[in-house]
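Sequential numbering of the first sequence, starting at 1, is according to full-length UniProt numbering. Just so it is clear, CB atoms sit at the ideal spot from N, CA and C, and this is done for glycine as well. Report on the following structure.
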Amino acid sequence: MKASLKTSTQFSSIYGFRRAYTISASVDLPMCEVPDQRHMNRQRASGKPIDQFSLMKLIDSSISSNGFAPTSLLFHEFSRSIDVNLCNTLIRRYTDSKNHSRAVSVYAQMRKLNILPDSSTFPSVLKSVALLWCGEVGKSIHCNAIQLGFTSDVYTNTALVHMYGICGQPDDAHQLFDEIPDRNVVTWNSLITSYTHNRMFREAIDVFREMLASGVTPVEVTMVGVLSACSHLGALGQGKWIHDYIVKNRLRVNVYVGTALIDMYAKCGDIDEAKKVFETMGLKNIYTWNVLISAYAMNGQGEAALRTFDRMIEKDLKPDHVTLLGVLCACCHQGFVEEGRRLFSSMINQFGLQPKIVHYGCMIDLLGRGGFLDEAMEIIHSMKLKPDAIIWRTLLGACRFHGREELGEFAFHKLLELEPTNGENYVLISNVHTQKKKWTEVGEVRELMDSSGIKKIPGCSSIELENAVYEFKASDPLKTGNEEIHKMLQDMKNQLKLAGYVPETEIALYDINEEEKEHNLIFHSEKLALAFGLLHSSEPTLRIMKNLRICQDCHQFFKLASAVYKRNIVVRDIKRFHHFTGGLCSCKDYW
DNA sequence: CTAGGGTTAG
Numbered sequence: 001m002k003a004s005l006k007t008s009t010q011f012s013s014i015y016g017f018r019r020a021y022t023i024s025a026s027v028d029l030p031m032c033e034v035p036d037q038r039h040m041n042r043q044r045a046s047g048k049p050i051d052q053f054s055l056m057k058l059i060d061s062s063i064s065s066n067g068f069a070p071t072s073l074l075f076h077e078f079s080r081s082i083d084v085n086l087c088n089t090l091i092r093r094y095t096d097s098k099n100h101s102r103a104v105s106v107y108a109q110m111r112k113l114n115i116l117p118d119s120s121t122f123p124s125v126l127k128s129v130a131l132l133w134c135g136e137v138g139k140s141i142h143c144n145a146i147q148l149g150f151t152s153d154v155y156t157n158t159a160l161v162h163m164y165g166i167c168g169q170p171d172d173a174h175q176l177f178d179e180i181p182d183r184n185v186v187t188w189n190s191l192i193t194s195y196t197h198n199r200m201f202r203e204a205i206d207v208f209r210e211m212l213a214s215g216v217t218p219v220e221v222t223m224v225g226v227l228s229a230c231s232h233l234g235a236l237g238q239g240k241w242i243h244d245y246i247v248k249n250r251l252r253v254n255v256y257v258g259t260a261l262i263d264m265y266a267k268c269g270d271i272d273e274a275k276k277v278f279e280t281m282g283l284k285n286i287y288t289w290n291v292l293i294s295a296y297a298m299n300g301q302g303e304a305a306l307r308t309f310d311r312m313i314e315k316d317l318k319p320d321h322v323t324l325l326g327v328l329c330a331c332c333h334q335g336f337v338e339e340g341r342r343l344f345s346s347m348i349n350q351f352g353l354q355p356k357i358v359h360y361g362c363m364i365d366l367l368g369r370g371g372f373l374d375e376a377m378e379i380i381h382s383m384k385l386k387p388d389a390i391i392w393r394t395l396l397g398a399c400r401f402h403g404r405e406e407l408g409e410f411a412f413h414k415l416l417e418l419e420p421t422n423g424e425n426y427v428l429i430s431n432v433h434t435q436k437k438k439w440t441e442v443g444e445v446r447e448l449m450d451s452s453g454i455k456k457i458p459g460c461s462s463i464e465l466e467n468a469v470y471e472f473k474a475s476d477p478l479k480t481g482n483e484e485i486h487k488m489l490q491d492m493k494n495q496l497k498l499a500g501y502v503p504e505t506e507i508a509l510y511d512i513n514e515e516e517k518e519h520n521l522i523f524h525s526e527k528l529a530l531a532f533g534l535l536h537s538s539e540p541t542l543r544i545m546k547n548l549r550i551c552q553d554c555h556q557f558f559k560l561a562s563a564v565y566k567r568n569i570v571v572r573d574i575k576r577f578h579h580f581t582g583g584l585c586s587c588k589d590y591w
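Structure representation (structure tokens):
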């Protein structure tokens, strides 16, 4: 029946998952250290078979004091006492205590001893398989379930949908889902999270719509999945609808739902609403605080992020790696160099957290943008971790900012080794040379790019008006179809020039992160979306999303447009938000 | 009695 299932060998690399363990269902288990050897020896010496009750007690005490029971020995010594119920309990205990590889090992032992699994074996063991990201093992357990006739058990099927989803096989999850005769709300939730886990957010929302259409009533967990999808898509209209749905249907705003709501509003650029949800929440945990801190950081409210952090510390909450990342990022986006240095050292000294590569990256960005490139270099040399491509790219970006050609070349050569096909790197070094007007070097980079076949990513922007999303790609002014918008843009350009707009052509000439050359600057996708928004909406705030970073020229253009056309413009680009109001941007041009 | 949940630099 499952002959069409794909193998899962690639999932770990495609989705960036780290394969933590590899377990084969037929592998011999390693002998574990035996914590209660004497007790077992006594039992063995007495020659009496141990009864199930004593065995479970033994397992329990062993798990609670050592975190595990000597599984293989138990199976070996006491196999006569072991039946399916005992195995199920053992699997569940291991799953609950996050000892997933042992849970799977128990299942493997069961199969070896020919103890037939029952309908409650599969859900528990599959949960562990999912958390171990072992799609291959999951598939073989799925085959067992089919052979043993558990194809219509909804618990098993739901666990399988979840397992395939978590293991990076959302298509298999969906295919299986379609074959399940009696799906319930948990089955639907599993399919939705299959998609969110695999960054297929539109599909997740489609499934949610289908779920509503089929008459299944969503619950809190459903909302968390769909809200997460809305966050990633920047779908504010959709997200608000979910929020309304929660209120109207009296679903609880528990800590999961609340955190997901804050994140949704933050990632859709509505920071005020995000804050409101936070203030009305009863129970908050570290996730909630972290989400609010990075909400402020990405929306250009660095001070608020730091104040939130202080509030958190006052409440005696212990910050974690994500918290520190949020505050460092806030400092970075606002140029708070001194504050960033202080936080970085308190991370280690006060909070006892060992910085990860991301924290170093953030510090290098902060120092680099601030012009402290030598200090950034010192950090790179002093860190125990091997600098990755992102570290070097961040440094290269700072070199462009401050015209440090030599150091830039150094970083670029590191990048050529680490990721020779990433076009961004070529663009950055090309811009370093452009600034210094070293046209020979610029030409060389160009050639290197062409010969390596590196292509630019097309820019695409979208704007949501009255529940519809309109997408724009950088357009060719000679093509027909967008006359209205093109005419509007020409008018805007003339208007804004009166307010001081000067098209910036130099950088754009070689920047593949932006769509078009000099004469086409005016047809950048975000400008098209803005013109469309101004023409077709009278809302005070226009929200635009872009798949790449906003370019320098558009940034200037939008600032002036916010003043001339008296609108707030919120742009979410691939990195962060820009809130344009009255001729200024929340990023204070520091990005 | 067993299945489903939120955050992360450039």
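Check	Outcome
Select from 574, 544, 217, 498 the residue whose C-alpha is nearest the C-alpha of residue 560.	498
Can you list, in chain order, the residues of its chain whose CB lies under 7 Å from that of residue 582, leaving out five sequence neighbours each side?	562, 563
Have a look at the DSSP bridge pairing and note the partners of residue 545.	462, 572
Here's a check: name, in chain order, each residue in its chain whose Cβ is nearer than 6 Å to the Cβ of residue 94, leaving out the five neighbours to either side.	102, 103
Just the C-alpha distance for residue 508 and residue 550, rounded to the nearest angstrom, thanks.	At residue 508 the pLDDT is 43, less than 50, meaning the model places this residue with poor confidence; the figure from the coordinates comes in the next sentence. The straight-line gap from Cα to Cα measures roughly 11 Å.
Specify, as a first and last residue, the run of the alpha helix (DSSP H) that residue 501 falls within.	From DSSP, residue 501 is part of no alpha helix (DSSP H); its letter is neither H nor E.
Taking the alpha carbon of residue 153 as the point to measure from, which residue in 185, 452, 118, 169 has its own alpha carbon closest?	118
When we look at the beta-carbon of residue 106 and count the other beta-carbons within 10 Å, is it buried (16 or more) or exposed?	buried
If you draw a straight line from the alpha carbon of residue 89 to that of residue 150, how long is it in whole angstroms?	19 Å
Using a Cβ-Cβ cut-off of 7 Å (strictly less than) and excluding sequence neighbours within five positions of residue 526, which residues of its own chain qualify?	461, 544, 546, 550, 554, 571
Going by CA-CA distance only, name the one from 156, 112, 537 that's closest to residue 127.	156
For residue 229, collect the residues of the same chain with a Cβ closer than 6 Å to its Cβ; drop the 5 residues on either side in sequence, then sort them by chain order.	196, 201, 204, 205
Assess, as a yes-or-no matter, whether the stretch 323 to 331 is touched by the stretch 286 to 298 under the definition of 3 or more beta carbon pairs within less than 8 Å.	yes
Please state whether DSSP places residue 580 in a helix, a strand or coil.	strand
Beta strand (DSSP E) containing residue 107: first to last residue?	From DSSP, residue 107 is part of no beta strand (DSSP E) but of the alpha helix (DSSP H) over 100 to 112.
So, with DSSP's three-state summary, where would you put residue 469?	strand
In this structure, does DSSP put residue 585 in helix, strand or coil?	strand
Report yes if the CB atom of residue 291 is closer than 8 Å to the CB atom of residue 262, and no otherwise.	yes
Mind checking residue 21: buried by the 16 CB within 10 Å criterion, or exposed?	In this predicted model, residue 21 has a pLDDT of only 32, less than 50, meaning its place in the structure is not dependable; the value taken from the coordinates is given anyway. That one is exposed.
How about residue 524 and residue 459: are their beta carbons less than 8 Å apart?	yes
Under a three-way DSSP split, which group does residue 53 fall into?	helix
Determine the DSSP secondary structure at residue 200, reduced to helix, strand or coil.	coil
What's the gap between the Cα of residue 580 and the Cα of residue 375?	33 Å
I believe residue 132 touches residue 100 by the beta-carbon criterion, under 8 Å. Please report the beta-carbon distance rounded to the nearest angstrom.	5 Å
Check the C-beta distance from residue 392 over to residue 415 and give it rounded, since I have them as a contact under 8 Å.	5 Å
Hey, quick one: how far does the alpha helix (DSSP H) through residue 69 stretch, first residue to last?	Element bounds for residue 69: n/a, residue is neither H nor E.
Do three or more CB pairs link the stretch 484 to 504 to the stretch 448 to 458 at distances below 8 Å?	no
Quick one: measure Cβ to Cβ for residue 224 and residue 260, integer angstroms, because I've assumed they're closer than 8 Å.	5 Å
Please name the residue, chosen from 492, 394, 246, 574, that lies closest to residue 534 on a Cα-to-Cα basis.	492
Go ahead and pull the three-state DSSP assignment for residue 590.	coil
CA-CA distance, residue 69 and residue 160?	27 Å
How do the stretch 427 to 438 and the stretch 391 to 410 stand: do at least 3 beta-carbon pairs fall below 8 Å, yes or no?	yes
Between residue 268 and the rest of its own chain, which residues show a CB-CB distance below 8 Å, the 5 nearest in sequence each way excluded?	230, 231, 234, 235, 236, 239, 543, 572
Which residues in the same chain have their Cβ closer than 6 Å to the Cβ of residue 278, if we skip the five residues on either side of it in sequence?	262, 292
Any idea what DSSP makes of residue 289, helix, strand or coil?	helix
Tell me which residue opens and which closes the alpha helix (DSSP H) that residue 241 is part of.	236 to 248
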